[in-house]
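In full-length UniProt numbering, the protein residues as written are 1 to 412.
Don't be surprised by glycine CBs; every beta carbon is placed ideally from N, CA and C.
Because the structure is a prediction, the values reported are computed rather than measured.
Have a look at the structure below, then the notes.
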Amino acid sequence: MTQNIPAFDVAIIGSGIAGSALACALNNTDLKVVVIEGGTLPDQAPACNSCLDAFDPRVSALTRASESFLEQLGIWPRISALRSQMFDSMYVWDGEGTGNIQFDAREIHQSHLGTLVENRVIVYSLVEELQMSPNVKFLQGVKVRGIVSQTVGGDKHPTHVIELDQDRQVKAGLVVGADGANSFVRQTMDFKTREWDYGHHGLVCTIQMEKPHQNTAWQRFMHTGPCALLPLPDGENGEHFCSIVWSASVEEANRLMALDDQEFCDTLTAATESCLGNVVGASRRFSFPLRQRHALDYVQDGIALVADAAHTIHPLAGQGINLGLQDVRVLAEELLRAHRSGHRIGDLRVLSRYQRRRKGDNLMMMTVMEGFKHLFGQQSLAVSWIRHLGMAGVGQVVPLKRQIMKQAMGVR
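Structure representation (structure tokens):
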């Protein structure tokens, strides 16, 4: 029997960026929402940026479209007041040849291309916005043990009972899996996926540079994998900080992780061709396997997947978080449209509209990124020449270059 189980309209599994953003999008409605998180929620603002280890090694490059969505949610002022770094230029060059290209926001009459924000700053800002919400309840430190679909009486639509640890249960008409790449919701509800291992690991950390980053994101493509320097706010004493994302083979990533700090800084200086002078310091390094995954379906009756639970992508263009936020935006639009019209928000027809609007865009971006990875992962002279011609051609064809920038920024 489920009548004595706490009931909600929407149960969001995962309180990361996607899950908390969806809760914010459903805030101030009469929908009852519960957010279930196995860990703990951030309860204090990030520390000041005077040292390397004060930064979260996980940093997201938010597009203008993502900025706009977070502005609509009312949290962008919170993010700006904490810590963020706009970048107005991006310089990309081929480490195996002579090709290079620079993208500048001024070419499309924009103030900047995007903003670098630490993941914990985004999550803290979202959770802070939700703390006083009358219709959103947080359950933290609670593990989901199972999801059981039940129909009651003559109702042909299922209610999902979410089994938690400590012998607790909640039920909801709609369960949203926002629980990351290894999604419990996706696996438990038997969503099929297409996936493969890149055979690479991503290495991330914060570094201190000798020279200013010039509000520019720098990315060098090498046959071993791309390495990106993403600008962060300067320190209180004028230190110049960047976040790095370095994709390398498992063997090379293990070697980089085993280096002492000075050896790592010297290796990174060489890998980036001293584009910002010497790397003079590095925080603790983290490494994680890179895997592409795409759910064949994002929805079932009363179940929806968003962000990394539905799709993961190579980090070379930093598009993963932006695709996830657009998933959240579209799903929230469809849920609220259905709710205003008196329709059941977990209805498969409602959720299928979300899938139709997002799956094609996500698949297109994943295909483009896969093409880039293969193009820049080849060492042959012929492919190197093609890369050189491609970069030079894009740089010279101004309308094409502008269109690429607008597409990447999510603006028209």
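{"Item": "Scan the segment 298-356 and note each continuous beta strand (DSSP E) run of 3 residues or more that stays entirely inside, going in chain order.", "Value": "303-305"}
{"Item": "My guess is that G281 and Q208 are in contact by the Cβ rule of under 8 Å, so how many angstroms apart are they, rounded?", "Value": "4 Å"}
{"Item": "Check whether the Cβ of V280 lies closer than 7 Å to any Cβ atom in chain C.", "Value": "Of the chains in the structure shown, none is chain C; there is only one protein chain."}
{"Item": "Would V161 and V148 qualify as a contact pair, given that the criterion is a beta-carbon distance under 7 Å?", "Value": "yes"}
{"Item": "Which residues bound the beta strand (DSSP E) around E195?", "Value": "193-209"}
{"Item": "From L113 to F87, what does the alpha carbon distance come to, in whole angstroms?", "Value": "6 Å"}
{"Item": "Can you name, in chain order, every residue of its own chain whose Cβ lies under 6 Å from the Cβ of R358, other than the five neighbours on each side?", "Value": "D327, V330"}
{"Item": "Are the beta-carbon atoms belonging to L351 and V299 less than 7 Å from one another?", "Value": "yes"}
{"Item": "I want to check one thing, is the minimum distance from the CB of G114 to the heavy atoms of the ligand GTP below 6 Å?", "Value": "The ligand GTP is absent from the structure shown, which contains no ligand whatsoever."}
{"Item": "From V33, F191, D361, pick the residue whose C-alpha is nearest to that of A11; which is it?", "Value": "V33"}
{"Item": "When DSSP labels each residue in this structure, what does I363 get in the three-state scheme?", "Value": "Here residue 363 turns out to be Leu, not Ile, going by the sequence shown. Residue state, collapsed to three classes: helix."}
{"Item": "L116 and P231 look like a contact to me (Cβ under 8 Å); what is the Cβ gap, rounded to whole Å?", "Value": "6 Å"}
{"Item": "Per DSSP, which one or two residues make a beta bridge with W218?", "Value": "Y91, L229"}
{"Item": "Mark F221 as exposed unless 16 or more other C-beta atoms lie within 10 angstroms of its C-beta, in which case mark it buried.", "Value": "buried"}
{"Item": "Rounding to the nearest angstrom, what Cα-Cα distance links Y124 and L41 in this structure?", "Value": "8 Å"}
{"Item": "Indicate whether C275 and W218 have their beta-carbon atoms separated by less than 7 Å.", "Value": "yes"}
{"Item": "Hey, S247 and G302: beta-carbon distance below 7 Å or not?", "Value": "no"}
{"Item": "Helix, strand or coil for M189? Go by DSSP, reduced to three states.", "Value": "coil"}
{"Item": "Going by alpha carbons, who is nearest to P315 out of L296, D297, L290, I36?", "Value": "L290"}
{"Item": "With a cut-off of 8 Å on the beta carbons, I'd call T224 and E252 a contact; round off their distance for me.", "Value": "6 Å"}
{"Item": "When you compare only the Cα positions, how much space is there between H240 and V279?", "Value": "10 Å"}
{"Item": "What residues in its chain sit with their C-beta under 8 Å from that of R353, if we drop five residues either side in the sequence?", "Value": "E334"}
{"Item": "Helix, strand or coil: how does DSSP classify I386 here?", "Value": "Annotation note: pLDDT 47 at I386 (below 50); position unreliable, no value reported."}
{"Item": "Find the nearest neighbour of K211 within the set G14, C242, N182, V204, judged by alpha-carbon distance.", "Value": "C242"}
{"Item": "Would you identify the three-state DSSP class for I108, choosing helix, strand or coil?", "Value": "helix"}
{"Item": "Could you tell me which whole beta strand (DSSP E) segments of length 3 or greater appear in the segment 30-58?", "Value": "33-37"}
{"Item": "Enumerate in chain order the residues of its own chain whose CB-to-CB distance from W385 is below 6 Å, with the five nearest sequence positions on each side excluded.", "Value": "Residue placement at W385 is flagged as unreliable, the pLDDT there being 43, under the threshold of 50; the coordinate-derived value follows with that caveat. Result list for W385: empty, nothing under 6 Å."}
{"Item": "Would you mind stating whether I79 and E129 have Cβ atoms separated by less than 7 Å?", "Value": "no"}
{"Item": "Can you tell me whether DSSP reads E239 as helix, strand or coil?", "Value": "coil"}
{"Item": "Looking only at C-alpha atoms, which of E236, F288, F138, R344 sits nearest to residue 429?", "Value": "Nothing can be reported for residue 429: it is not among the residues displayed for the chain, which extend from 1 to 412."}
{"Item": "Can you round the beta-carbon distance between V245 and V204 to whole angstroms, since I take them to be within the 8 Å contact cut?", "Value": "6 Å"}
{"Item": "With distances taken from CA atoms, which of L348, V250, G19 is nearest F138?", "Value": "G19"}
{"Item": "Would you tell me roughly how many angstroms separate the C-alpha atoms of A54 and E118, rounded to the nearest one?", "Value": "11 Å"}
{"Item": "Give the secondary structure of P77 by DSSP, where H, G and I count as helix, E and B as strand, and everything else as coil.", "Value": "helix"}
{"Item": "Count the other C-beta atoms from every protein chain shown that fall within 10 angstroms of the C-beta of residue 431, then say buried if there are 16 or more, exposed otherwise.", "Value": "This structure gives no information on residue 431, because the portion of the chain shown stretches from 1 to 412."}
{"Item": "Out of curiosity, what's the CA-to-CA distance linking C24 and V175?", "Value": "16 Å"}
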